[in-house]
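Note sheet for the following structure.
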Amino acid sequence: MRPNWEVTGVGVGFSLEHSLRQRIPTESTSFINSLQRAEEWFVRSMEGYTKVAQLMAAHDEFAILRSFKALSMQNLLYLQAELIHLESQLRDLARRDATRGDRPHHTHDWWSLSQSEEEEGVEQWEKFLEIREKIDKYTESILKHAALSQLGRPTHHDLQFLRSWFERPSMGSFPLLGLDKKAWEAEHESDLVALNARKASDRLTRWFTDTVIPRFHVLLGERLKVRVLHYMYGRARITKNGQHPVVADFGNGIYKYEESTLQTTVYIITTVIASLLPLCSVVVLFLIDGDALRMGVIVILSACFSIALILTTNARQIEVFAATSA
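Position 222 (the sequence shown) corresponds to 222 in full-length UniProt numbering; numbering is contiguous.
In structure tokens, the structure reads:
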């Protein structure tokens, strides 16, 4: 008879149940104990910033950070002010050199401007070199700020999960202790950006994701253990009876519903609605007697079609008008 055992696979090793351990040689037991100690050390090392970084690296929809746009803009304003003052100083030096008889070619010849033997003769060029360095920094800062402004905002669901993960003892358990632990609080919400923000979805998808799935998980999904969130270096427990929830290094009780599955489900719902609406309209109009009442129902059905189009797609206003008219 084959022994009944359970294997827990971990990034750097594995452990066997006590019942199996009694059946194997002492040398193997010592080896397993060494691996267990290595595992415990590895788990302990996954604390603080390392733990947060591993979570954000494994699932970049949770890579949510402060953008510091106000400070970035303040930096741009300071750089602009410096350049304005440097520009004014350069113009003053250019006017001074233009009135000097021994510098007639400064405005027409770069060599005479940059290679003057007198100290005053090269002041204009040295000032321009200072401006060149500053303007490169200014331009680079503008481009970086523009790129930062293009980053998307995190979804409400992702931000709430991250906050919950930080606070729950079974998950993040307050991994950060400094002032930066407040970076994700509500007062900074408008300044947060997601490095890989989820693409904008239609209202039906958002409602399905934010309302239906959480309720489904509480009522049924968690009991069925629908899908376990496998994190980087997380533990995968496998038994004869199937897959159990992950006891992950990022925390217990975390489940993942595949986004592709959700999109497929919403797509099926949308397709069914699109197929039934015209059919229902025909049936309703067939059952109604009287032209006046039939015209009123047509108006109501057209409004229902427009509402369905708005809720289930990201169609623009002109596209809604065109579809309704057709």
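Note that the Cβ used here is the ideal one computed from N, Cα and C, for glycine as well.
| C-alpha gap between Ile-64 and Glu-47, whole angstroms | 18 Å
| query | Got a sec, what are the start and stop residues for the alpha helix (DSSP H) Arg-294 sits in? | reply | Counting along the chain, the alpha helix (DSSP H) containing Arg-294 begins and ends at 291-312.
| message | Please list the terminal residues of the continuous alpha helix (DSSP H) segment that includes residue 352. | response | What is shown of the chain runs 1 to 326, which leaves residue 352 out entirely.
| task | Give the DSSP-derived three-state secondary structure of Ile-24 in the structure shown. | result | Per-residue confidence for Ile-24 stands at a pLDDT of 43, beneath the threshold of 50, marking its modelled position as unreliable; the derived number appears in the next sentence. The answer is coil: DSSP assigns Ile-24 none of H, G, I, E or B.
| Cα-Cα separation, Trp-184 to Phe-161 | 11 Å
| Can you check whether the CB of Leu-79 is closer than 9 Å to the CB of Leu-149? | Checking the sequence shown, residue 149 turns out to be Ser, not Leu. No, they are not a contact pair.
| Buried/exposed call for Gln-124, threshold 16 Cβ in 10 Å | So Gln-124 counts as buried.
| query | Does DSSP classify Leu-65 as helix, strand or coil? | reply | Correct three-state label for Leu-65: strand.
| With a Cβ-Cβ cutoff of 9 Å, do Leu-76 and His-145 count as a contact? | yes
| message | I'd like to confirm the pairing. Which residues does DSSP put opposite Val-193 in its beta bridges? | response | Leu-65
| query | Does the stretch 198-212 come close enough to the stretch 297-315 that 3 or more CB-CB pairs lie under 8 Å? | reply | Short answer: they touch.
| request: Would you identify the three-state DSSP class for Ser-173, choosing helix, strand or coil? | output: coil
| Assumed close pair Leu-93, Lys-127 - CB separation to whole angstroms, cut-off 8 Å | 6 Å
| task | Indicate whether the contact test is met: 3 or more Cβ pairs, each with one atom in the stretch 129-136 and one in the stretch 85-92, closer than 8 Å. | result | Yes, they touch.
| task | Below 8 Å on the Cβ atoms is my guess for residue 334 versus Leu-285; work out the distance and round it to an integer in Å. | result | For the chain, the structure presents residues 1 to 326; residue 334 sits outside this window and is missing.
| Coarse secondary structure for Asp-158, derived from DSSP in three states | helix
| Is Leu-59 helix, strand or coil when you go by DSSP? | Residue identity check: residue 59 is His in the sequence provided, not Leu. It is coil, neither helix nor strand.
| said: Less than 8 Å between C-beta atoms, sequence neighbours within five positions excluded: which residues of the same chain meet that for Lys-69? | reply: His-145, Leu-148, Ser-149, Asp-191
| message | Quick check on Gln-124: does DSSP put it in helix, strand or coil? | response | In the structure shown, Gln-124 sits in a helix (DSSP, three-state: H, G or I).
| task | Provide the residue span of the alpha helix (DSSP H) that contains Trp-184, from first to last. | result | Trp-184 -> no alpha helix (DSSP H), and no H or E assigned at all.
| request: Express the C-alpha separation of Glu-258 and Thr-155 in angstroms, rounding to a whole number. | output: Approximately 16 Å, taken between the alpha carbons.
| message | Here's the rule: buried if 16 or more other CB atoms are within 10 angstroms of the residue's CB, otherwise exposed. What is Leu-293? | response | exposed
| field | Host alpha helix (DSSP H) of Arg-203 (start-end) | value | First-last of the alpha helix (DSSP H) with Arg-203: 203-207.
| Reduced DSSP category for Gln-80 - H, G, I as helix; E, B as strand; rest coil | helix
| message | To the nearest angstrom, how far is the alpha carbon of Val-52 from that of Pro-175? | response | 7 Å
| Which term fits Asp-210, buried or exposed, when burial requires 16 or more other beta carbons within 10 angstroms of its beta carbon? | exposed
| request: Give the straight-line distance between the Cα atoms of Ala-81 and Arg-95, rounded to the nearest whole angstrom. | output: 21 Å
| said: So the candidates are Ser-275, Ile-273, Arg-163; which of them puts its Cα closest to the Cα of Phe-62? | reply: The shortest C-alpha separation from Phe-62 is found at Arg-163.
| message | Helix, strand or coil, according to DSSP, for Gly-48 in the structure here? | response | helix
| message | Distance check for Tyr-49 and Leu-179, CA to CA, integer angstroms please. | response | 13 Å
| Among Leu-276, Ser-302, Glu-189, which has the Cα closest to the Cα of Arg-66? | Restricting attention to Leu-276, Ser-302, Glu-189, the CA atom closest to the CA of Arg-66 is found in Glu-189.
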